[in-house]
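Asker:
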Amino acid sequence: MNPGAAVGTWQELRRERVQSVEGTNSMAAWLAGRLSGGEAVALLGPLGAGKTTFVRGIVRELGYHGRVRSPSFGLAHPYPTDPLLLHVDLYRVADVSELLVLALEEAGEEGVLLVEWGDRLGGA
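With the first letter of the sequence shown counted as 1, position 77 gets the number 82 in this note's numbering; the numbers rise by one all the way through.
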């Protein structure tokens with residue numbers, strides 16, 4: 006994954022409003038089935054919207070059954086799935102572009118970057 010290539014290449018794949026954990030898990034399973042590596046997924050929504058629950062569903066669908074938690078304080082959590090997932094939270098980050106470059110390097114060409122508060126990327 007080339008950090009320079011990620012800029013300006015965001016594409017909306019699907020937008021859904023779900024009202025339950027089951028609906029969130031169903032959407033997560035749908036997306037997990039389409040991840041092959043090299044993708045960055047921006048997760049948007051207010052506090053408590055279910056962003057971490059959505060990530061948990063993706064991680065579980067890809068075979069990791071350990072603890073999945075919000076990276077708000079740790080900033081990023083990798084998960085040993087296939088493809089490798091790196092879960093990033095931009096909520097408390099002042100320099101979004103710097104963290105994004107580090108996260109893209111960590112995820113590598115074959116990893117998937119899941120970004121909570123992805124709307125903070127703006128022009129990054």
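For every residue, glycine included, the Cβ atom is placed at its ideal position computed from N, Cα and C.
All figures in this text were calculated on a predicted structure; none of them were measured in a lab.
How long is the line joining the alpha carbons of Y96 and M32, rounded to whole angstroms?
Answerer: Against the sequence shown, residue 96 aligns to sequence position 91. Against the sequence shown, residue 32 aligns to sequence position 27. C-alpha separation (whole angstroms): 23 Å.
Asker: Taking just the CA atoms, how far does W122 sit from G50?
Answerer: Looking up residue 50 in the sequence shown gives position 45. Looking up residue 122 in the sequence shown gives position 117. Rounded to the nearest angstrom, the two C-alpha atoms are 7 Å apart.
Asker: The alpha helix (DSSP H) spanning V23 covers which residue range?
Answerer: Counting from one through the sequence shown, the residue named residue 23 turns up at place 18. Neither: V23 is in no alpha helix (DSSP H) and is coded neither H nor E.
Asker: By alpha-carbon positions, which one of V73, I63 and Y69 ends up nearest to R39?
Answerer: What you label residue 39 is simply residue 34 of the sequence shown in a count that begins at 1. Taking only the C-alpha atoms, the option nearest R39 is I63.
Asker: Which whole-angstrom value describes the C-beta separation of V93 and P76, a residue pair presumed to lie in contact below a C-beta threshold of 8 Å?
Answerer: Counting from one through the sequence shown, the residue named residue 93 turns up at place 88. Counting from one through the sequence shown, the residue named residue 76 turns up at place 71. Correct: roughly 6 Å between the Cβ atoms.
Asker: Once you ignore the five residues that flank V26 on each side, which residues in its own chain have a CB closer than 7 Å to its CB?
Answerer: Along the sequence shown, one-based indexing puts residue 26 at 21. Excluding residues within five positions, the ones whose Cβ falls inside 7 Å are T58.
Asker: May I have the straight-line CA-CA distance separating A129 from S102, to the nearest angstrom?
Answerer: One-based indexing of the sequence shown puts residue 129 at position 124. One-based indexing of the sequence shown puts residue 102 at position 97. Residue confidence for A129 is low, a pLDDT of 49 falling below 50, so the modelled location carries little weight; the figure read from the coordinates is stated next. Taking the straight line from one Cα to the other gives about 5 Å.
Asker: Could you give the DSSP three-state label for L95: helix, strand or coil?
Answerer: On the sequence shown, position 90 is the one that residue 95 refers to. Coil, per DSSP.
Asker: Apply the 10 Å Cβ neighbour rule to R61 and answer buried if 16 or more other Cβ atoms are within range, or exposed otherwise.
Answerer: Sequence index remark: in the sequence shown, residue 61 carries index 56 (1-based). By the 10 Å Cβ count, R61 comes out buried.
Asker: Rounded to whole angstroms, what is the Cα-Cα separation between G68 and V120?
Answerer: The residue you call residue 68 lines up with position 63 of the sequence shown. The residue you call residue 120 lines up with position 115 of the sequence shown. G68 and V120: Cα-Cα distance of roughly 20 Å.
Asker: Can you look up E121 in the DSSP assignment and give me helix, strand or coil?
Answerer: One-based indexing of the sequence shown puts residue 121 at position 116. DSSP places E121 in strand when its eight states are reduced to three.
Asker: Which parts of the segment 23-85 are runs of the alpha helix (DSSP H), unbroken and 4 residues or longer, counting only runs that do not cross its ends?
Answerer: You should have 26-37 and 56-66.
Asker: If you run the structure through DSSP and keep just helix, strand and coil, what is L89?
Answerer: For this step, residue 89 is matched to residue 84 along the sequence shown. Three-state DSSP puts L89 in coil, outside helix and strand.
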